[in-house]
Structures are given as structure tokens and as C-alpha cells.
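Report on the structure given below.
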Amino acid sequence: MDSALALEQQGWQVSQAGTWSILPHGSYAQGAGSASKLLRVDEALPNHKASLLLRESITRKVTFSLTCLMQSPEPALELEVPALDIRMQDSFNGFVFARFCVDEGDEFSLRGELSPPGKIIFAPLTQGQNEALKALKEAMAQGETLKIALLQGSTATPKVYEIPLAGLNEILGDLSAECQNIANVAGHGTVSFLPDYLTKESDKYAPRDYTLKPKEPAILPPEPVIVEEPPIEANPQDEAVTIPFTGDGSRASIDAQGNVIEAPATESTEPSNQDPASQELPQGADALSPMQIDENGMPIF
């Protein structure tokens, strides 16, 4: 009674960490010591279950276990979660899909058979899942943290549980030996696997590109180096020079209103050859008559 009371008080502590417990499996505990010859193999042979209980709160707890099945020489994984963590469609189907990843290693997708209300058993149903369980067990023996993502569909975020693996390596060898012994005596040393498509995860179970592994940061192309040229300093002397408009297509200055600056008018005492009005008519010549020139090209006065 004292031991039972101590276990009950220990179980009610709210904590995110726990310790592994090794307890006889229910079938072995019931049949151990019986003189009956009608016992099943798992009732007659030593059969233990390694469990880790994690309490997220007083009302939420998660239990991760490794147990033996008569049909498999490898330990099966068992995950017990709150019933609300399992989506309704999976409850109707009777199975779920989950992702497993130890530390930052390989990620495995496994199909789990549902035992209501919230117990999920990941057994070696197919050849592919059997190989995945073997690789996952080896990674768990050397890793520190196991991450489990219970998939909720392509539009919902998976439920993620973190299982500390400290101390598991010390008990994993003995548990694997018990499972191997039970499978051999039961005549299931060679397992008849189901077709691999039964444990293949389809696209509708997880969001696109979802993974438990840390995503590598995107490598952006290097930004182009822009060399800024020093501004050209204006020469005050150039600004002071005013170029008048000449009409020959050359550069000319403009004023603040955008009008060209014309050259200032200059008074000239000499008659201009370009302005006929400023020329004096020769004596005896009529202003309206055309000018006559001689054979040498000289005007005739």
C-alpha cells in the first residue's frame, strides 16, 4: 500500500520530464506462475514493457512505450495521447500517420493502428515499415530526443511530442532480446508482411513540405556592389560665363525664365553690308532700278 501510494503521488506531479519504467506486460503479469498448459506464448515467457510518462499539465499526459508483439522480433512503438489529439477522420479509419525524428537525423513516416480512445501502436506491418523501425531503434539508442509529429491532415498543424531518450539504451537490449525470443517460440521468426502501399503516407496527411528536421536557411545571391562615383564639382568660373545666342547651332545660355540670352546690340559707325537699308545709294542710281555691273564685276555708277 505504501508503494502504491508513493506511485500515485509521483504520478500526479506536473512535470515535462520523467523516467523510464520497466513493468511486466499485462499478459505476462496475469499468466506468470500459472501451472496451466493453455497459456499463450506472451503469457508464459518474460514479456516487459518500457514506458515513459510525460505530463504536460494536470489534464494532459503522453505515454511513450516499447513493447513486444508475438508477430514481430522487433519491439513495437506505442504512443498514448489525449483522444482530442486524434482527428475524427483517423478515428473512423482506425489508423493514423506520424513522423519520427531523432535529434536532427533521418525522418521516418510510420502508420499506427489506433486502439481507442488514444492508444496508437506502430508495428512492422510491411517490409518498409519494418526497416524503418529497425533504423529508428538504432537512432533512439544513440540519440537524446525523439520528436513525434502526429499528422492532422494537409491543412492543419501536426501535434508534436518530444520524448527524452536518456536511459533508454540501458534497457533496449534486454527488451529486444525478449521480443526476439517470443517471436521465435511463437513461430513468427519469419514475418509475412503486408503490401508496402498500406504504410505509404499520402499527400493528404501532412502540409506541403512539412518536416521535423530543421530547415536550412535559404541562400540568397550576393548583392551587387554599387560603386558610387564622386559628384562632379561645378566650376564657378564656368557658371559665370554667359554664351549669347548666335543662331548657328552652337551652345547658348538661357536665363531663369528659359529664354535664350541674346548678344547685346552694339552701335557701329561703319555701314553694314548685310543691311540694304543702311547703305547709301550711289549717285545717279534709282533706288527701284536694278544695279548694273560691268564685265569686270564692278558696279556701274
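With positions in the sequence shown counted from 1, the corresponding number in the numbering used here is that position plus 30. Each residue gets a CB set at the ideal place from its N, CA and C atoms; glycine is no exception.
Residue from the options whose Cα sits closest to the Cα of residue i
i, options, result
"Ser-121", "Thr-175, Gln-182, Asn-77", "Gln-182"
"Phe-138", "Glu-231, Glu-258, Glu-325", "Glu-231"
"Arg-85", "Thr-49, Val-255, Pro-103", "Thr-49"
"Tyr-191", "Leu-82, Val-92, Met-118, Leu-99", "Val-92"
"Asn-374", "Ala-286, Thr-229, Leu-205", "Here the chain covers residues 31 to 331 and nothing more, so residue 374 does not appear."
"Asp-239", "Ser-280, Pro-188, Pro-147, Pro-251", "Pro-188"
"Ala-113", "Leu-144, Ala-216, Phe-152", "Leu-144"
"Pro-146", "Ala-162, Ile-212, Asn-123", "Asn-123"
"Pro-237", "Ala-128, Ile-212, Ile-88, Pro-261", "Ala-128"
"Tyr-235", "Gln-119, Gln-287, Ser-87", "Gln-119"
Bounding residues of the beta strand (DSSP E) (the contiguous stretch that carries residue i)
i, result
"Phe-130", "125-132"
"Glu-192", "189-194"
"Glu-110", "102-110"
"Ser-51", "50-54"
"Ser-95", "91-99"
"Arg-85", "78-85"
Chain-order list of residues whose beta-carbon lies under 6 Å from that of residue i (same chain, five-residue window excluded)
i, result
"Ala-332", "A question about residue 332 goes unanswered here, because the residues of the chain that appear run from 31 up to 331."
"Leu-166", "Phe-130, Phe-138"
"Ala-293", "Pro-274"
"Trp-42", "Model confidence at Trp-42 stands at a pLDDT of 38, short of 50, so the residue's coordinates are unreliable and nothing is read from them."
"Asn-199", "Ala-171"
"Ile-193", "Phe-94, Leu-176"
Residues that residue i bridges to, as DSSP identifies them
i, result
"Ile-284", "Val-290"
"Pro-146", "Per DSSP, none; premise fails for Pro-146."
"Arg-117", "DSSP, once it has assigned bridges, lists no residue as partnering Arg-117."
"Thr-156", "Leu-224"
"Asn-177", "According to the sequence as given, residue 177 is Lys; it is not Asn. Answer by DSSP bridge pairing, in chain order: Cys-131, Glu-192."
"Ser-184", "According to DSSP, which records beta bridges pairwise, Ser-184 is partnered with nothing at all."
"Ile-323", "Pro-329"
"Arg-141", "Phe-127"
Short Cβ contact (9 Å threshold) for residue i with residue j
i, j, result
"Val-132", "Leu-180", "no"
"Ile-52", "Glu-108", "no"
"Lys-79", "Leu-99", "no"
"Ser-102", "Pro-154", "yes"
"Thr-175", "Phe-223", "no"
"Leu-140", "Met-170", "no"
"Gly-173", "Gly-135", "yes"
"Leu-202", "Pro-105", "yes"
"Phe-94", "Ile-178", "yes"
"Ala-186", "Arg-117", "yes"
"Asp-115", "Gly-148", "yes"
Cutoff 8 Å; reference residue i; Cβ partners in own chain excluding five residues on either side
i, result
"Asn-326", "none"
"Asp-278", "none"
"Lys-164", "Glu-104"
"Glu-208", "Leu-75, Pro-76, Asn-77, His-78, Cys-98"
"Pro-244", "Glu-134"
Near the ligand FMN: residue i beta-carbon under 8 Å from a heavy atom
i, result
"Leu-83", "Among the components of this structure there are no ligands whatsoever, and the ligand FMN is therefore not found."
Cut-off 7 Å between Cβ atoms - residues of its own chain near residue i, not counting five sequence neighbours on either side
i, result
"Thr-241", "Glu-137"
"Asp-226", "Thr-156, Gln-157, Gly-158"
"Leu-205", "His-78, Ala-80, Leu-96, Pro-105"
"Gln-210", "Pro-103"
"Asp-233", "Ser-184"
Bounding residues of the alpha helix (DSSP H) (the contiguous stretch that carries residue i)
i, result
"Ile-212", "198-215"
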